[in-house]
Amino acid sequence: MAEFQIDEFADITDVVCPVTFVKAKVALEELEDGQILSIHLNGGEPVQNVPRSIKEEGHQVLKLTAREDGTFDLIVRKCE
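Going by the working numbering, the sequence shown opens with residue 3, and the numbers climb by one from there.
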């Protein structure tokens, strides 16, 4: 399994949809092309909607990992 050099981390477990994607998008906008963002998010709507919306914006979802506490870690590469 490939490991990634994480450039930034965003914890969006304290917000609800649709603000989850807005927070993720703002975090991505602060990165340079090719940099990698790790996003910590809740299950349910956030884990269903955020990865899909990030792909629709043209970024690359590298990995989605479930944690024991019911949250997820989403690893994303910023693309132009």
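The beta-carbon is built from N, C-alpha and C at its ideal position, and this holds for glycine as well. Remember, predicted model here, so these are calculated numbers, not experimental data.
task = Could you check the C-alpha separation between Val49 and Thr73 for me, to the nearest Å?
result = 9 Å
query = Just the Cα atoms here: how many angstroms apart are Gln18 and Ile38?
reply = As written in the sequence, residue 18 is Val, which differs from the Gln given in the question. Between the alpha carbons of Val18 and Ile38 lies a distance of about 23 Å.
inquiry  = In whole angstroms, give me the CA-to-CA distance for Ser55 and Ile77.
reply    = 14 Å
ask   = Once you ignore the five residues that flank Met3 on each side, which residues in its own chain have a CB closer than 6 Å to its CB?
value = At Met3, the pLDDT of 43 sits below 50, so the modelled position is not reliable and the matter cannot be decided from this model.
task = Figure out for me which residue from Asn44, Val52 and Glu5 has the closest Cα to the Cα of Asp71.
result = The shortest Cα separation from Asp71 among Asn44, Val52 and Glu5 belongs to Asn44.
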